[in-house]
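Below is one structure; the comments refer to it alone.
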Amino acid sequence: MDYKTVKKEAPGRGEVEILAETYEAGEPVGEDAGRWRQKLESRDEKLRYLESGERYWYSDDWFGSEKRKNPA
Amino acid sequence: MAEEEKISKSIDKASLELIEKAAKDGVNTAFDRADTMKPCPIGAVGSCCKNCGMGPCRVPLPKGKEETPEDKLKRRGICGATAETIAARNFIRMVAGGAAAHSDHGRGVAELFLAVANGKAPGYEIKDEQKLLQLALDWGIEIGDRSNNEIAIDIGEKALAEFGKQEGELITLRKAPLKRQELWRQQGISPRGIDREIVEIMHRTHIGVDQDFKSLLKQGVRAAIGDGWGGSMIATELQDILFGTPAPVLGKANLGVLEEDEVNIIIHGHEPLLSEMIVAAAQEPEMIELAKSKGAKGINLAGMCCTANEILMRHGVAIAGNFLQQELAIVTGAVDAMVVDVQCIMQSIQTVAECYHTKIITTSPKAKITGAIHIEFDEHDALKSAREIVTTAIENFPNRKGNIYVPDEQTVQIAGFSHETINYLLGGMFRASYRPLNDNIINGRIRGVAGVVGCNNARVKHNEGHVVMVKELIKNDVIVLTTGCNAIACAEAGLMVPEAAAKYAGKGLAEVCETVGIPPVLHLGSCVDNSRILIAATAMVKDGGLGDDISDLPVAGAAPEWMSEKAISIGQYFVASGVYTVFGVTWPTEGSKEVTDYLFKDMEDMVGGMWAFEPDPIKAAHLMIEHIDKKRKALGIDKARERVLYDMEMRREMEAA
Ligand code: SF4
Ligand code: SF4
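So the sequences go chain by chain: D and S. In terms of our numbering, the first sequence opens at residue 1 and continues consecutively. In terms of our numbering, the second sequence opens at residue 1 and continues consecutively.
Quick look at the structure:
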């Protein structure tokens, strides 16, 4: 992928060249490009993913609005 | 047709070209009928009742003068029902119609699901084990060493039981934020069974039953929750298990996806049950050979309305158009069959089809059309039904009449943003999370989130409200989650590719989209998939930093071109979930100030969300943005938007001071 750059003013350093957008234009290549769920194969892996990725519903290992780190 | 008159009908070039072709071909479409048939001004504002044989009773507001209390007393039906009762009854009957449509779809999916689990629906299988396990955990179903089918039998039976449950509350409500569940309980609006709440609306709105508009509206809220958090959610979850949870997929949109030299089959309607099989049948080598033997180069499938969204989200099948493009697709003269199931199918497609060679094929025992061919979907042998349909289309190819025009217009889109996929894209495989979204809302790069959904409406310019509103929102750094015909309009306008962020979004939102590699408008699926928006909002709440409930979030909802009863049910469950929701085009309770005020103001006290009506899409977008800003202020994150970037000079000055 060709990285694009843009010129920006940096405080004290004048104009500098920095990395611009880092995505490739819109089209994922190959039919399976977006199919992330298939990476999880065994039932165990799938359950473990639920416990971490969807932890708000399937695990106690998280903090958030309904389980505060420092209860009010 | 005069140029001005024509361009007032759609913002989409392909549609305009085909509206013109229809006129030349002498074909009457919804666009013409909307010109000749004006809406009844009394019915439009909910001031007409025909719930018994003494009516219809019409109770319009007096024209051009303030209503006196004496006049108001007289504004009643024969049975004495006031204008308030009549408006509220009409409104919640719309909710009932919409909730019934979504939920009956859910029931159909649950029935097929159970048949699959029992090995009685060959051709189908459980495609997403993870979602199956997820539902088992949600519903307290034992996993252990049981097979997927054993687990699925329990899930299917439990899902079906939710429809006829008589007491308690729906099992699916447990997904909602804890505070929201509690609020629903306190207010007495947690739905018991999905069907029960709908039936109760029909009972209460019968002559001489519930005659207190607040009490009526409350039942509407209860039934709508049973739709969004019940019937629709069950449909989405079980479809994901059977057909796969959507993940990013590339697709195309607009009438230009039709191919002049291929057999074109349009799958139109809502349920993905049969269409999944048609997708499979159309790829079979024998079918492709048959098509070639008839002179076609191949078989081209395209979707329409929500069936389109379903098969796009899971297979990348192209979308031919949204609600108001269904007749126009046939006007191309290149559609060999239009296969329909339920909901949003205009009866006139049959009449339009008779002017060309298109075969209209109905497939649901619930939805037949006079004059159309009926090939019933048999879940016990779905592939057979699908093959019969594809064969009918192929055999019709040589009957084309030569009067063919397929517009060039087609756009590219990335779809497939289920809650699970958004979570994964934001956080990655090892710690999927909404944290980056919440953080970017807190730091002000993203101002808020809008759910923009709903139909087309022939009373307004096709797709204009959708596209203008969504562009205005993203320009103001509001990320848009979309479903239904809005999603199709956004795809046709090129808003669903990552590059659209740089072109149309505000600086903050564009930065986030570029980093994550997502479009500024995320396609979450079909109408029943609005339940995905509810889950996404819940995940935002649970992740923390943005309040304790959906009503605390800087979010808003809209349906700028709504027309269906389903849209009213969706709007009502968004509101019941704590979301400020703006509808365009027309408002069905304007005949009663009390009822309208209650929906637009007082409902916020009950559920933390409320309705609004604004036909101008830019103004409506700004109402949403104002609401988002109000919520940001309440959360104390309004200042974050006015970030000052200190350079070293400024820092030194501060330190010296
Ligand atoms: S229910 Fe009452 S208001 Fe409605 S049609 Fe009958 S008499 Fe008229
Ligand atoms: S968004 Fe409205 S018009 Fe479109 S398919 Fe859904 S209900 Fe029908």
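Think of the CB as a built atom: it goes at the ideal place given N, C-alpha and C, for glycine as much as any other residue. Nothing here was measured: the structure is a model prediction, and the numbers come from that model.
- The closest CA to that of M346 of chain S, considering only S:T172, S:H523, S:N28, is found on S:N28.
- Counting other Cβ atoms within 10 Å of its Cβ, C40 of chain S stays below 16 and is therefore classed as exposed.
- Interface annotation for the region 48-63 of chain D against chain S: Y49, L50, S52, G53, E54, R55, Y56, W57, Y58, W62, F63, criterion Cβ-Cβ distance under 9 Å.
- Non-local beta-carbon contacts of E15 of chain D in its own chain, meaning distances under 8 Å to residues more than five positions away in sequence, involve K7, K8, E9 in chain order.
- DSSP places N148 of chain S in the uninterrupted alpha helix (DSSP H) bounded by 148-163.
- Taking 8 Å as the CB threshold, E66 of chain D lines the interface with chain S.
- Residue contact check for G34 of chain D against chain S: a CB pair falls below 8 Å.
- Interface criterion met: the Cβ of L40 of chain D is under 8 Å from a Cβ in chain S.
- Close to K542 of chain S, with beta-carbon spacing below 7 Å, are these residues of chain D in chain order: Y56, G64, S65, E66.
- At least one heavy atom of ligand 1 lies closer than 7 Å to the C-beta of M54 of chain S.
- Distances taken from the Cβ of G46 of chain S to the heavy atoms of ligand 1 include none shorter than 7 Å.
- Within chain S, the residues placing a beta-carbon under 8 Å from that of K46 of chain D are E129, Q130, L133, ordered along the chain.
- The residue from S:L290, S:E286, S:I479, S:I265 with its alpha-carbon nearest to that of I278 of chain S is S:I265.
- Looking at S:Q350, S:F323, S:F377, the one whose alpha-carbon comes closest to that of D341 of chain S is S:F377.
- The contact set of V249 of chain S on chain D, defined by CB atoms closer than 7 Å, consists of G34 in chain order.
- Rounded to the nearest whole angstrom, the C-alpha separation of G454 of chain S and S293 of chain S is 41 Å.
- For R13 of chain D, no Cβ of chain S is located within less than 8 Å of the residue's own Cβ.
- Relative to the non-hydrogen atoms of ligand 1, the Cβ of N90 of chain S never comes closer than 7 Å to any of them.
- In the DSSP assignment, G14 of chain D falls within the unbroken beta strand (DSSP E) covering 14-19.
- Counting only unbroken stretches of 4 or more residues, the alpha helix (DSSP H) elements lying wholly within the region 67-99 of chain S are 69-74, in sequence order.
- Contact between W562 of chain S and V541 of chain S does not hold, since their C-beta atoms are separated by about 26 Å, which reaches or exceeds 8 Å.
- Contact of T596 of chain S with chain D is not assigned, every C-beta pair being separated by 8 Å or more.
- If the five residues before and after G98 of chain S are omitted, its C-beta is found closer than 6 Å to the C-beta atoms of E565, K566, I568, S569, all from its own chain and listed in chain order.
- Of all residues in the region 506-534 of chain S, only E514, G517 place a beta-carbon less than 7 Å from a beta-carbon of chain D.
- For W229 of chain S, the three-state secondary structure derived from DSSP is helix.
- Inter-residue distance for G256 of chain S and R204 of chain S is about 48 Å (C-alpha atoms, whole angstroms).
- A distance of 8 Å or more separates the beta carbons of T332 of chain S and I361 of chain S.
- Not one heavy atom of ligand 1 is found less than 7 Å from the C-beta of I288 of chain S.
- L217 of chain S and A88 of chain S do touch by the CB rule: their CB atoms are close to 5 Å apart, below 8 Å.
- Between G164 of chain S and D195 of chain S, the beta carbon gap of about 6 Å places them in contact (Cβ cut-off 8 Å).
- With a cutoff of 8 Å on beta-carbon distance, A450 of chain S and L473 of chain S are scored as near each other.
- K179 of chain S and G591 of chain S have their alpha carbons spaced roughly 35 Å apart.
- Taking the beta carbon of T581 of chain S as reference, no residue of chain D falls within 8 Å; the closest one sits roughly 22 Å away.
- The Cβ of F213 of chain S sits no closer than 8 Å to any Cβ of chain D.
- Cα atoms of G321 of chain S and A491 of chain S: separation of roughly 10 Å, rounded to the nearest angstrom.
- Taken from the Cβ of K72 of chain S, every heavy atom of ligand 1 lies 7 Å or farther away.
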